[in-house]
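Numbered per my numbering, the sequence shown spans residues 1 to 106. Everything below concerns the one structure shown next.
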Amino acid sequence: MTPLLETSRLFLQPLELADAEQVQRLFPHWQIVRYLASVVPWPYPPDGARQFFRDVALPAVERGDEWIWTLRLKTDPVGSSAASASRDRTRRTADSGSAFPGTGRD
1 MTPLLETSRL
11 FLQPLELADA
21 EQVQRLFPHW
31 QIVRYLASVV
41 PWPYPPDGAR
51 QFFRDVALPA
61 VERGDEWIWT
71 LRLKTDPVGS
81 SAASASRDRT
91 RRTADSGSAF
101 PGTGRD
């Protein structure tokens, strides 16, 4: 189970499938994906975030292999970014800084 976390500036909320819509709007920008080109399809598919969350990210969370959060500023709880941790320390992937579908987590 991914815990709910809070800092003085941020809410870190466990990833939910409902977050895919916001991520889909933010993610398909070459300025982000160019750094992840080896692991994220380009052009980014119209359902890329939902598919990644449903088929990869949330199953990994359910197995206890990953812990994934959306990061939300307390001053703007609608906008979000993402962070994650993995049980497998040898696995290295990337976080876009604003969203992470594809495989992007670090």
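Backbone N, C-alpha and C fix where the C-beta goes; we use that ideal spot for every residue, glycine too. These numbers were taken from a predicted model, which means no experiment stands behind them.
query                                                                                                                           : result
Which word fits E16, buried or exposed, when buried means at least 16 other C-beta atoms lie within 10 angstroms of its C-beta? : exposed
Using a 10 Å radius around the Cβ and a threshold of 16 neighbouring Cβ atoms, would you call D88 buried or exposed?            : exposed
Given this structure, state the Cα-to-Cα distance separating R63 from E21, to the nearest angstrom.                             : 24 Å
In angstroms with no decimal places, state the Cα-to-Cα distance between W67 and R54.                                           : 15 Å
Answer yes or no: do P28 and Y44 have a C-beta to C-beta separation smaller than 7 Å?                                           : yes
Tell me whether the beta-carbon of T70 lies closer than 7 Å to the beta-carbon of Q13.                                          : yes
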